[in-house]
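Taken in sequence, the protein lines are chains A and B.
Terminal number for the first sequence in the working numbering: 339, no gaps in between.
Terminal number for the second sequence in the working numbering: 1339, no gaps in between.
Where a beta carbon is used, it is the ideal one built from N, C-alpha and C, also for glycine.
Remember, predicted model here, so these are calculated numbers, not experimental data.
Below: one structure, written as structure tokens.
There are 2 protein chains.
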Amino acid sequence: MATIRELARLCGVSSATVSRVFNNPEVVNAQTRELILSTAARIGYLPNESARTLATKRSRMVGLIWDTDHRRPGWRHPFFQEILIGLKTALSERGYHLLMLATSEDGTPDDFLRAVRRHNLDGVVFIDNGRDDPSLQPLAASEVPCVSLDRPIEGPRTTYVTSDNAAGAREAVRHLHATGRRVIATITGPTRTRPGAERLRGYLEELAALGLAHRPELVVEGDFYLSSGYAAMRALLELEEPPDAVFAAGDEMAIGALRAVTEAGLKVPEDIALVGFDDIELAALVPPGLTTLAQDKAGFGTAAAAAVITMINEDVTPPSRLLPTTLVVRGSTGPDPRF
Amino acid sequence: MATIRELARLCGVSSATVSRVFNNPEVVNAQTRELILSTAARIGYLPNESARTLATKRSRMVGLIWDTDHRRPGWRHPFFQEILIGLKTALSERGYHLLMLATSEDGTPDDFLRAVRRHNLDGVVFIDNGRDDPSLQPLAASEVPCVSLDRPIEGPRTTYVTSDNAAGAREAVRHLHATGRRVIATITGPTRTRPGAERLRGYLEELAALGLAHRPELVVEGDFYLSSGYAAMRALLELEEPPDAVFAAGDEMAIGALRAVTEAGLKVPEDIALVGFDDIELAALVPPGLTTLAQDKAGFGTAAAAAVITMINEDVTPPSRLLPTTLVVRGSTGPDPRF
DNA sequence: AACTTCCATGCAACCGGTTACATGAAACCG
DNA sequence: CGGTTTCATGTAACCGGTTGCATGGAAGTT
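As structure tokens, then:
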């Protein structure tokens, strides 16, 4: 492997000049620069990242922390892969790499921080793992730039990215109202999670804005999984005055609800209209098609990358970022041409 | 940040001894070792990975190459996340980290190899990206240990991991035969892909073993996507003598086929039985439940990790690994208690 | 007692970059 | 034309580990 000194010798310059060509190209004479670059290409010189990191204490790597808890095998962020692609792409474009870190059940609380320090990681991104993980605490409390998805975190250099859950929920309710529904229920996510709480808030706010009464029995808490949506819907159908529309705070729950409605011999959307949240792949596939609020999946990754790079380079902490959601109308709230 | 020399000074030893404590603990006197370890813990010493990599030329990092081609946004390996978790977990247990590398549309063919060299990556894992990607060629041809999933690759230090696709397909056909079906069709994946070709081979072999005639019109090629399964099924239903069972070489296609059957006014499993392949999450959710061959998702990651680490440490190339599949019986081939 | 072997450790060079500071030549300026 | 500024580059220390070789003392051997 060619080293910087070897390349320098071949070009008749010092290693400092070569180094400058790769880091501050503008300060070196154009002819010298061209000579060095062409020679570098010829001999296949590649700067060694470890040496660079050692000298600069910046690795150009960002850590990704996500949950691999095997005790909850079913748990998945609905867009893990899309977020990862968006994140990776955005980081690559700016010359950063992504190093995977994962919770290990036998880890000590500061494992992540230690890993970050050992590798000189420039920043970290958390994908919300759906629970309070104490092992993130030391990291968030450190000076390391941290960006969290779907959940606020506290620390000197932390920020977070999430969908505008409340606005999306309001749009869901507004849409149901616009199609003529007046008894609108909701199946919430766990209200201790941020998205769960925010979507409930949006639901309540929009009800108020539309002048509809808030009837507590129309609010049932779920856990984002399919079976909880199913159970919640069955409970709603048993009410004295059952709803004619349901906003489920997650598509999986909406699909569970859909099944409960169908089993009860009722029809979607004729008897009950349904709106979900997320726009998972399945939403388009399950008949009659699920109307839902699409989250900007790739945008999560892009926004997280932008935030972490800003923090790395500019020593400021950008405010939390709310990504807009988009209403996608399918058959569950009206006729869908595709079914 | 504490350095090795600082720790050495505090303990009254040389940095060489400290280094040995972390790399060859057994060669250093037990008392000295304890002193060094306890002092290290007290002052929070962490070895710097960049310095270590620079000195040893081994990074203890493995690269992961997967497809993020935004021109094919729908493309996904069916188990990307599960594989990633398995891989990450297995690597962590042996002290390796995972660095994400991704195709970039403007990359040159040897981009990956360059990235590997710059970072001194010890090995690489490919997740089959479903196409022939020329940018993998230089890497496979190099001396870098490479493990590929679902596709054989050629090179001096390469191996691959895949499910035993042929055996799984045979089991699918055998199961359909055992439930009394005699006209068994198949919807294949692209036969230029390894899994596509192998599943077709298994289908044909089992037909022969059961003494059933191979009727070419019962073999329709799909592309693993839902819509191709739908189209293929419609074609099969138009036959003079339509099949009473279909083995689809992927769950998504099977679900497409399911829809085509339902739309034609026929019932699954009464009129037509269906078996898929993969056991994607949706397989359990779509009524009446899809019988399928489950792949050992986490096993992919574990096997890939084991293979790459073997190649790194032992300078041998392990043979390709075939993971067994498991038949999961659901409603699409008979009554399912859950529906 | 002399010799060999083994054990634990130190010495010092090395890995391949970066960068503060110094230097010398050319350009600019009144 | 001497002095100042600017530009391009070189010098050399430094980042924080690893490791081949040397060393000295203890243990084992004859």
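Distance from the CA of A:Glu-143 to the CA of B:Ala-1041, rounded to the nearest whole angstrom, comes to 21 Å.
In chain order, Gly-1202, Tyr-1203, Glu-1205, Glu-1206, Ala-1209 place their CB closer than 8 Å to the CB of B:Arg-1170, counting only its own chain and leaving out the 5 sequence neighbours on each side. The closest CA to that of A:Pro-195, considering only A:Glu-93, A:Asp-150, A:Gly-123, A:Glu-6, is found on A:Asp-150. The Cβ atoms of A:Ala-273 and A:Arg-181 sit closer than 8 Å to each other.
Of all residues in the region 1028-1055 of chain B, those with a C-beta nearer than 7 Å to a C-beta of chain A are Leu-1046, Pro-1047, Asn-1048, Glu-1049, Ser-1050, Ala-1051, Thr-1053, Leu-1054, reading in chain order.
Excluding its 5 nearest sequence neighbours in each direction, A:Ile-280 has C-beta neighbours in its own chain below 6 Å: Pro-78, Asp-251, listed in chain order. Inter-residue distance for A:Thr-326 and A:Gly-168 is about 7 Å (C-alpha atoms, whole angstroms). Classified as exposed, A:Gly-12 has fewer than 16 neighbouring CB atoms from the shown chains inside 10 Å of its CB. Within 7 Å of the CB of B:Leu-1200, no CB atom of chain A is found; the nearest one sits about 25 Å away.
A straight-line Cα-Cα distance of about 6 Å links B:Ser-1148 and B:Val-1161. Neighbourhood of B:Leu-1239 in chain A, by CB distance below 8 Å: empty, with the nearest CB roughly 26 Å away.
Annotation: B:Arg-1060 to B:Asn-1313 spans about 11 Å, alpha carbon to alpha carbon.
Here A:Thr-188 has Gly-196, Leu-200, Glu-221, Ala-249 as same chain residues with Cβ atoms under 6 Å from its own Cβ, once five neighbours each way along the sequence are excluded. Between the C-alpha atoms of B:Glu-1026 and A:Val-308 there is a straight-line separation of about 42 Å. Look at B:Phe-1277 here: in three-state DSSP terms it is strand. Within chain A, Ser-50 have C-beta atoms less than 8 Å from the C-beta of B:Ser-1059, given in sequence order.
When DSSP assignments are scanned along the region 1178-1241 of chain B, the uninterrupted stretches of beta strand (DSSP E) that are 3 or more residues long and fall wholly within it turn out to be 1184-1188, 1219-1221. Ranked by how close their Cα comes to the Cα of A:Lys-297, the residues A:Lys-88, A:Leu-290, A:Arg-330 have A:Lys-88 in first place. The beta carbon of B:Arg-1114 sits closer than 8 Å to some beta carbon of chain A. The residue from A:Glu-93, A:Met-100, A:Tyr-96, A:Arg-94 with its alpha-carbon nearest to that of B:Ser-1092 is A:Met-100. Secondary structure note for B:Ser-1038: its alpha helix (DSSP H) is the uninterrupted segment 1030-1043.
Per DSSP, A:Leu-113 is not a residue of any beta strand (DSSP E); the alpha helix (DSSP H) it occupies stretches across 111-119.
Taking a Cβ-Cβ threshold of 8 Å, the residues of chain A close to B:Arg-1117 are Met-1, Leu-46, in chain order. Between B:Thr-1179 and B:Gly-1334, the beta carbon gap of about 6 Å places them in contact (Cβ cut-off 8 Å).
Cβ-Cβ distances below 6 Å link B:Leu-1010 to Thr-1039 in the same chain, with the five nearest sequence neighbours on each side left out; the list follows chain order. The beta carbon of B:Asn-1024 sits no closer than 8 Å to any beta carbon of chain A. Contact annotation for A:Met-253 against chain B: no contact, minimum CB-CB distance about 13 Å [criterion: below 9 Å]. Chain-ordered, the chain B residues with CB closer than 8 Å to the CB of A:Asn-120 read Asn-1048, Glu-1049, Ser-1050. When the five nearest sequence neighbours on each side are left out, the beta carbons in the same chain lying within less than 7 Å of the beta carbon of B:Leu-1266 are those of Ile-1272, in order along the chain. Interface flag for A:His-97 against chain B is set, since a Cβ pair is found closer than 8 Å. Interface annotation, A:Leu-236: not in contact with chain B, CB-CB separation never under 8 Å. As a beta-bridge residue in DSSP terms, A:Tyr-160 pairs with A:Ser-148. Within chain A, the residues placing a beta-carbon under 7 Å from that of B:Leu-1282 are Leu-282, ordered along the chain. Residue nearest to A:Ile-127 within the set A:Gln-81, A:Val-316, A:Leu-176, A:Gly-331 is A:Gln-81 (criterion: CA-CA distance). Neighbours of B:Leu-1226 in chain A, taken as residues whose beta carbon is under 9 Å from its own, are Leu-285 in chain order. When A:Gly-123, A:Leu-226, A:Leu-218, A:Phe-247 are compared, the shortest CA-CA separation from A:Ala-166 is found for A:Phe-247.
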